[in-house]
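Trainee: First the structure, which I've put down as C-alpha coordinates, then a few questions once you've had a look.
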Amino acid sequence: MVQRELSASTRARAGKPVRTCIGCRQKGLAADLLRVVARERESGGFVLTPDPKRRLPGRGAWLHRDPRCLSEAGRRRAFGRALRVSGSLDSSELDQWVDGAEISTSVTRTP
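Numbering (full-length UniProt numbering) for the sequence shown: 1 to 111.
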(Lines of atoms letter the chains of each structure in order from A and count residues from 1; the text may use other names and numbers.)
(Lines give C-alpha, C1' and ligand atoms only; values in the text may rest on other atoms or scores of the structure.)
Protein backbone atom coordinates (compact mmCIF):
# COMPACT_ATOMS: atom_id res chain seq x y z
CA MET A 1 0.00 0.00 0.00
CA VAL A 2 1.33 3.43 -0.93
CA GLN A 3 1.46 6.03 1.84
CA ARG A 4 1.01 9.66 0.82
CA GLU A 5 2.31 12.52 2.87
CA LEU A 6 -0.45 14.93 3.88
CA SER A 7 -0.07 18.69 3.87
CA ALA A 8 -0.27 20.59 7.16
CA SER A 9 -3.71 22.01 6.34
CA THR A 10 -5.03 18.57 5.43
CA ARG A 11 -3.67 17.08 8.65
CA ALA A 12 -5.35 19.85 10.65
CA ARG A 13 -8.69 19.01 9.02
CA ALA A 14 -8.33 15.25 9.25
CA GLY A 15 -11.57 13.74 10.44
CA LYS A 16 -13.59 16.92 9.91
CA PRO A 17 -15.94 17.25 6.91
CA VAL A 18 -14.86 19.65 4.17
CA ARG A 19 -17.40 21.26 1.82
CA THR A 20 -17.22 23.66 -1.14
CA CYS A 21 -19.02 27.02 -1.11
CA ILE A 22 -21.25 27.28 -4.19
CA GLY A 23 -20.63 31.05 -4.29
CA CYS A 24 -16.86 31.47 -4.20
CA ARG A 25 -16.00 27.78 -4.88
CA GLN A 26 -13.53 27.74 -1.95
CA LYS A 27 -13.29 24.66 0.25
CA GLY A 28 -13.84 25.03 3.97
CA LEU A 29 -14.88 23.12 7.04
CA ALA A 30 -18.58 22.28 7.11
CA ALA A 31 -18.78 24.00 10.51
CA ASP A 32 -17.80 27.29 8.82
CA LEU A 33 -20.38 27.04 6.02
CA LEU A 34 -24.17 27.31 5.98
CA ARG A 35 -26.19 24.42 4.57
CA VAL A 36 -29.06 25.49 2.29
CA VAL A 37 -31.95 23.29 1.14
CA ALA A 38 -34.77 23.89 -1.35
CA ARG A 39 -38.25 23.40 0.08
CA GLU A 40 -41.19 23.13 -2.27
CA ARG A 41 -44.00 25.67 -1.94
CA GLU A 42 -47.64 24.66 -2.26
CA SER A 43 -48.09 27.38 -4.86
CA GLY A 44 -45.22 25.99 -6.95
CA GLY A 45 -41.56 26.82 -7.09
CA PHE A 46 -39.03 26.44 -4.33
CA VAL A 47 -37.85 28.45 -1.32
CA LEU A 48 -34.15 28.46 -0.44
CA THR A 49 -34.11 27.68 3.27
CA PRO A 50 -31.08 28.05 5.56
CA ASP A 51 -30.35 24.92 7.58
CA PRO A 52 -27.88 25.97 10.30
CA LYS A 53 -28.46 22.78 12.32
CA ARG A 54 -27.94 20.61 9.20
CA ARG A 55 -31.03 18.53 9.93
CA LEU A 56 -33.55 19.38 7.19
CA PRO A 57 -34.28 16.60 4.70
CA GLY A 58 -33.19 16.76 1.11
CA ARG A 59 -30.16 17.65 -0.89
CA GLY A 60 -28.08 20.48 0.53
CA ALA A 61 -25.77 23.11 -0.88
CA TRP A 62 -23.07 24.85 1.14
CA LEU A 63 -22.45 28.58 1.31
CA HIS A 64 -20.26 30.95 3.32
CA ARG A 65 -22.24 33.29 5.56
CA ASP A 66 -21.14 36.20 3.40
CA PRO A 67 -23.41 38.34 1.19
CA ARG A 68 -20.76 38.30 -1.55
CA CYS A 69 -20.90 34.50 -1.76
CA LEU A 70 -24.70 34.61 -1.82
CA SER A 71 -24.78 37.15 -4.66
CA GLU A 72 -22.11 35.24 -6.61
CA ALA A 73 -24.07 31.98 -6.26
CA GLY A 74 -27.21 33.77 -7.47
CA ARG A 75 -25.37 35.37 -10.38
CA ARG A 76 -23.97 32.00 -11.46
CA ARG A 77 -27.36 30.28 -10.91
CA ALA A 78 -25.55 27.75 -8.76
CA PHE A 79 -28.46 26.95 -6.42
CA GLY A 80 -30.56 25.21 -9.05
CA ARG A 81 -27.65 23.08 -10.21
CA ALA A 82 -26.35 22.22 -6.74
CA LEU A 83 -29.80 21.37 -5.37
CA ARG A 84 -30.94 19.73 -8.61
CA VAL A 85 -34.19 21.65 -8.85
CA SER A 86 -35.72 23.47 -11.78
CA GLY A 87 -38.18 26.29 -11.68
CA SER A 88 -38.30 29.49 -9.70
CA LEU A 89 -36.18 29.79 -6.55
CA ASP A 90 -37.23 32.29 -3.89
CA SER A 91 -34.14 33.39 -1.97
CA SER A 92 -35.77 36.02 0.28
CA GLU A 93 -35.58 33.85 3.43
CA LEU A 94 -31.92 33.06 2.75
CA ASP A 95 -31.15 36.73 1.97
CA GLN A 96 -32.56 37.79 5.34
CA TRP A 97 -30.66 35.07 7.18
CA VAL A 98 -27.29 35.93 5.57
CA ASP A 99 -27.85 39.67 6.12
CA GLY A 100 -28.69 38.98 9.77
CA ALA A 101 -25.62 36.76 10.20
CA GLU A 102 -23.41 39.45 8.67
CA ILE A 103 -24.81 42.09 11.03
CA SER A 104 -24.33 39.88 14.10
CA THR A 105 -20.72 39.02 13.21
CA SER A 106 -19.84 42.67 12.57
CA VAL A 107 -21.38 43.66 15.91
CA THR A 108 -19.43 41.01 17.83
CA ARG A 109 -16.17 42.03 16.15
CA THR A 110 -16.52 45.63 17.28
CA PRO A 111 -14.44 46.21 20.46
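In this text, a Cβ means the ideal position worked out from N, Cα and C, and glycines have one as well. Remember, predicted model here, so these are calculated numbers, not experimental data.
With a Cβ-Cβ cutoff of 8 Å, do Ala30 and Val18 count as a contact?
Mentor: Here the question's residue 30 lines up with position 30 in the sequence shown. Here the question's residue 18 lines up with position 18 in the sequence shown. In contact: Ala30 and Val18 (Cβ atoms closer than 8 Å).
Trainee: Beta-carbon within less than 7 Å of Val107's beta-carbon, same chain only, minus the 5 sequence neighbours each way: which residues are those?
Mentor: One-based indexing of the sequence shown puts residue 107 at position 107. Per-residue confidence for Val107 stands at a pLDDT of 45, beneath the threshold of 50, marking its modelled position as unreliable; the derived number appears in the next sentence. Hits under 7 Å: none found.
Trainee: According to DSSP, is Arg77 part of a helix, a strand, or is it coil?
Mentor: As a first step, residue 77 must be located in the sequence shown, where it is residue number 77. In the structure shown, Arg77 sits in coil (DSSP, three-state: anything other than H, G, I, E or B).
Trainee: For Trp97, I'd like the list of residues in its chain whose CB is within less than 6 Å of its CB, leaving aside the five on either flank, ordered along the chain.
Mentor: Translated into positions along the sequence shown, residue 97 becomes position 97. Cβ within range, chain order: Pro50.
Trainee: Roughly how many whole angstroms lie between the Cα atoms of Leu33 and Arg59?
Mentor: Residue numbering aside, residue 33 sits at position 33 when the sequence shown is read from its first letter. Residue numbering aside, residue 59 sits at position 59 when the sequence shown is read from its first letter. Computed Cα separation, rounded: 15 Å.
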